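**Q** In our numbering, the protein residues as written are 266 to 843. For each residue, glycine too, the CB sits at the ideal point set by N, CA and C. Bear in mind that the values here come from a model prediction, so they are computed numbers and not experimental data.
1) Who are the near neighbours of residue 348 in its chain, counting only those whose CB is closer than 7 Å to its CB and skipping five residues on each side?
2) Which same chain residues, not among the five before or five after residue 509, have their C-beta less than 6 Å away from its C-beta?
3) Just curious, the beta strand (DSSP E) that residue 760 is in, first and last residue?
4) Per the contact definition of three or more C-beta pairs closer than 8 Å, is the segment 408 to 422 in contact with the segment 487 to 498?
5) Flag residue 529 as yes if its beta-carbon sits less than 8 Å from any beta-carbon of chain D, otherwise no.
6) Taking the alpha helix (DSSP H) that residue 400 belongs to, which residues open and close that run?
7) What residue from 819, 701, 695 has the CA that sits closest to residue 784's CA?
8) In chain order, which alpha helix (DSSP H) runs of at least 4 residues are fully inside the segment 481 to 563?
9) Using the C-alpha atoms, what's the distance from residue 337 back to residue 789?
10) Would you call the segment 771 to 787 in contact with the segment 734 to 754, where contact means no fewer than 3 C-beta pairs closer than 8 Å?
11) Roughly how many angstroms lie between the CA atoms of residue 397 and residue 384, to the nearest whole one?
12) Determine which residues share a DSSP beta bridge with residue 792 and list them.
13) With a Cβ-Cβ cutoff of 8 Å, do residue 700 and residue 641 count as a contact?
14) Skipping 5 residues on each side, what residues in its chain have a beta carbon closer than 7 Å to that of residue 579?
15) Which residue wins for smallest C-alpha separation from residue 346, given the options 330, 456, 352?
16) Are residue 575 and residue 441 touching if we call contact CB-CB under 8 Å?
17) Check each candidate in 827, 683, 698 and name the one with the smallest Cα separation from residue 792.
18) So, for residue 636: in the same chain, excluding its five sequence neighbours on each side, which residues have a beta-carbon less than 8 Å away from its beta-carbon?
19) My guess is that residue 586 and residue 556 are in contact by the Cβ rule of under 8 Å, so how many angstroms apart are they, rounded?
20) State the CB to CB distance for the pair residue 620 and residue 601, rounded to an integer number of angstroms; the pair is presumed to be in contact (CB under 8 Å).
21) Three-state secondary structure (DSSP) at residue 615?
22) Runs of 3 residues minimum, wholly inside the segment 305 to 385: which ones carry the beta strand (DSSP E) assignment?
23) According to DSSP, is residue 585 helix, strand or coil?
24) So for residue 449, helix, strand or coil by DSSP?
25) Buried or exposed for residue 594, going by 16 or more other Cβ atoms inside 10 Å?
26) Can you tell me whether DSSP reads residue 685 as helix, strand or coil?
27) When you compare the CB positions of residue 500 and residue 427, do they come within less than 8 Å of one another, or not?
28) If I'm right that residue 437 touches residue 446 with Cβ under 8 Å, what's the distance once you round it to whole angstroms?
29) Pick out whichever of 387, 774, 444, 796 has its Cα sitting closest to the Cα of residue 360.
30) When DSSP builds the beta bridges, which residues end up paired with residue 394?
31) Checking the sheet assignment: what are the DSSP bridge partners for residue 444?
32) Mind checking residue 689: buried by the 16 CB within 10 Å criterion, or exposed?
33) Taking the continuous beta strand (DSSP E) assigned at residue 417, which residues delimit it?
34) Considering Cα atoms alone, identify which of 653, 370, 822, 794 is closest to residue 495.
35) From the DSSP output, in three-state form, read off residue 770 for me.
36) Could you say which of 618, 449, 573 lies nearest to residue 633 if we only look at CA atoms?
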């Protein structure tokens with residue numbers, strides 16, 4: 266084969282133009298300058314964007330959860346606390362497990378295998394929650410499976426030792442530990458604390474490679490001590506539950522208030538719910554009836570009307586009021602008593618619960634005088650209580666009252682309030698004429714709370730004696746008597762409002778009273794909604810619950826008995842005015 270002499274190639278022998286080499290060198294120089302400029306732009310002039318993109322791929326902020334504050338009762342017993350409950354999450358694209366391992370995982374999490382597979386097959390391949398807040402023992406068993414791509418995060422969940430008995434007071438939180446109901450909601454900021462954080466670099470498998478910057482430690486939430494006594498709360502819950510069941514009622518509530526300090530000792534409702542297991546929770550169970558439901562207070566207002574007239578000097582306890590013949594015509598309306606009581610003293614008007622007597626006493630007052638007292642006692646105003654959902658009730662301005670409206674308000678119709686408002690208004694009678702602020706937080710034991718003066722101490726004492734007559738022979742609340750303690754109070758029975766009128770066979774029965782009479786320590790209110798087992802009077806449905814709760818509460822508080830004899834409870838049929 267003939268050899269080729271490359272040095273004699275015509276292509277190599279031809280002269281290359283000078284401009285071509287200069288062009289190539291210039292092109293290389295321009296390219297180098299472009300790369301240099303781009304490098305300067307990326308690394309010096311505008312590196313924030315690229316740094317951010319890099320950080321998004323490897324830099325992570327890990328939240329360090331704070332432990333939510335605990336809730337205690339007045340004696341230091343636990344009502345709510347947080348326990349460690351790890352949450353299980355996954356990086357679906359990294360999960361390496363066969364069906365057997367997934368089946369084990371699903372069994373530990375108490376979830377169907379198909380649900381687990383569905384979660385791992387979601388569009389987001391970088392993160393998915395498998396199950397929030399599992400028991401530590403379960404989390405430990407999951408960790409022992411060592412399934413790639415399955416991770417855990419330390420979290421806390423709330424537990425409520427008192428369960429349904431204190432549910433409407435304590436409330437509950439959501440999965441993120443944010444308060445949704447009750448004390449958990451109203452004191453959420455104090456209880457929640459502040460989460461901490463730390464910055465780390467992670468690899469693609471989610472492993473921490475390096476910590477970046479300083480760690481911000483979490484700040485745990487503050488503990489809160491309530492005024493609630495868990496023993497009184499549990500007993501009140503049991504008694505109202507039994508009353509609702511026995512009377513085939515819709516619901517029931519009990520409020521116990523310390524008449525010296527204004528502390529709420531118990532606030533119980535039935536039906537209730539388990540705060541840490543709300544899978545089958547209904548609206549009826551959730552409603553805090555004692556605070557959210559308003560109704561016409563009925564005969565509970567008669568002592569308030571009488572106290573107003575006594576304080577203004579319009580009547581005395583011995584003033585005679587003619588209630589014959591048991592009915593009274595006012596404009597085109599007829600007001601009736603259950604019996605023709607004839608002529609009664611003012612004390613007798615309370616004892617017999619006479620509607621006619623109450624309206625005739627109110628006729629000696631001006632609408633403004635009555636309105637001032639009702640407003641001072643809290644009617645028509647939202648309770649000043651650190652609690653969500655408390656109802657305002659209704660009390661129209663006095664200038665718009667007609668004579669018949671003033672008359673009906675004297676015995677509790679034409680205005681509305683909650684059971685809590687009724688109980689709280691009686692602090693003016695129990696606290697020597699001053700209405701004191703109510704609180705859900707523990708205060709100094711035995712320390713008297715100053716309040717707003719509404720009546721004189723003499724007037725309050727006289728009305729308490731009248732209330733005591735209600736529970737004695739001839740009164741409408743004889744079943745409210747207790748062994749060893751003097752009590753006084755007022756029954757109430759009213760048809761429920763329905764549309765623009767009243768339902769024919771639906772009633773509310775309640776009793777609000779004070780004990781002991783001479784030196785009051787507590788005020789107790791009981792309400793039973795729609796009793797339907799043959800009786801619906803406050804004196805027969807609510808008064809027995811009042812009796813049990815008062816006796817147990819005073820014993821728990823160590824109040825010595827002020828009566829040496831057993832109560833004389835008559836077995837005659839109890840009747841009362843509506």
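**A** So, to answer that:
1) Mapped onto the chain shown, residue 348 falls at position 83. Contacts found: 421, 422, 424.
2) Taking the chain shown and counting its residues from 1, the one referred to as residue 509 is at position 244. Around residue 509: 517, 535.
3) Indexing the chain shown from 1 puts residue 760 at position 495. Its beta strand (DSSP E) spans residues 753 to 763.
4) no
5) Among the chains in the structure shown there is no chain D, since it carries only a single protein chain.
6) As a first step, residue 400 is located in the chain shown; it is residue number 135 there, counting from the start. Segment: none, residue 400 is in no alpha helix (DSSP H) and carries neither H nor E.
7) On the chain shown, residue 784 is found 519 positions in, with the first residue counted as 1. Checked all of 819, 701, 695; the closest Cα to residue 784 is 695.
8) 495 to 511, 548 to 551, 554 to 557
9) Working through the chain shown from its first residue, we reach residue 789 at position 524. Working through the chain shown from its first residue, we reach residue 337 at position 72. When rounded, the distance between both Cα atoms is 22 Å.
10) yes
11) Along the chain shown, one-based indexing puts residue 397 at 132. Along the chain shown, one-based indexing puts residue 384 at 119. Roughly 13 Å between the two C-alpha positions.
12) Translated into the one-based positions of the chain shown, residue 792 becomes position 527. Its beta-bridge partners are 518, 775.
13) Walking along the chain shown from the start, residue 700 turns up at place 435. Walking along the chain shown from the start, residue 641 turns up at place 376. Yes, the Cβ-Cβ distance between residue 700 and residue 641 is below 8 Å.
14) The sequence position of residue 579 within the chain shown is 314, counting from 1. Correct list, in chain order: 629, 630.
15) The residue labelled residue 346 in the question sits at position 81 within the chain shown. The residue with the shortest Cα to Cα distance from residue 346 is 456.
16) For the purposes of this step, residue 575 is identified with residue 310 of the chain shown, where counting begins at 1. For the purposes of this step, residue 441 is identified with residue 176 of the chain shown, where counting begins at 1. Result no, Cβ atoms of residue 575 and residue 441 do not sit closer than 8 Å.
17) Counting from 1 along the chain shown, the entry for residue 792 is found at position 527. Considering only alpha carbons, the answer is 683.
18) Here the question's residue 636 lines up with position 371 in the chain shown. Hits under 8 Å: 660, 662, 663, 666.
19) To locate residue 586, count along the chain shown from 1; it is residue 321. To locate residue 556, count along the chain shown from 1; it is residue 291. That belief does not hold up - the Cβ atoms of residue 586 and residue 556 are roughly 35 Å apart, past 8 Å.
20) Indexing the chain shown from 1 puts residue 620 at position 355. Indexing the chain shown from 1 puts residue 601 at position 336. So it is a contact: roughly 7 Å between Cβ atoms.
21) Here the question's residue 615 lines up with position 350 in the chain shown. Here residue 615 sits in helix by DSSP.
22) 324 to 329, 343 to 349, 352 to 355
23) If you number the chain shown from 1, residue 585 lands on position 320. Note: residue 585 maps to strand in three-state DSSP.
24) Counted from its first residue, the chain shown places residue 449 at position 184. Residue 449 falls in the helix class under three-state DSSP.
25) As a working mapping, residue 594 is identified with position 329 in the chain shown. Result: exposed.
26) Along the chain shown, one-based indexing puts residue 685 at 420. The answer is helix: DSSP assigns residue 685 an H, G or I state.
27) Here residue 500 refers to the residue found at position 235 of the chain shown. Here residue 427 refers to the residue found at position 162 of the chain shown. No, they are not a contact pair.
28) By one-based count along the chain shown, residue 437 stands at place 172. By one-based count along the chain shown, residue 446 stands at place 181. Sure, about 6 Å apart at Cβ, within 8 Å.
29) Indexing the chain shown from 1 puts residue 360 at position 95. Checked all of 387, 774, 444, 796; the closest Cα to residue 360 is 387.
30) Along the chain shown, one-based indexing puts residue 394 at 129. DSSP, once it has assigned bridges, lists 354 as partnering residue 394.
31) If you number the chain shown from 1, residue 444 lands on position 179. DSSP, once it has assigned bridges, lists 438 as partnering residue 444.
32) Sequence index remark: in the chain shown, residue 689 carries index 424 (1-based). Answer is buried; the Cβ neighbour count reaches 16.
33) Sequence index remark: in the chain shown, residue 417 carries index 152 (1-based). Per DSSP, residue 417 belongs to the beta strand (DSSP E) from 415 to 418.
34) Reading the chain shown from its first residue, position 230 is the one you call residue 495. Taking only the C-alpha atoms, the option nearest residue 495 is 822.
35) Within the chain shown, residue 770 is the residue found at index 505, counting from 1. Three-state result, residue 770: strand.
36) Indexing the chain shown from 1 puts residue 633 at position 368. The option with the nearest alpha carbon to residue 633 is 573.
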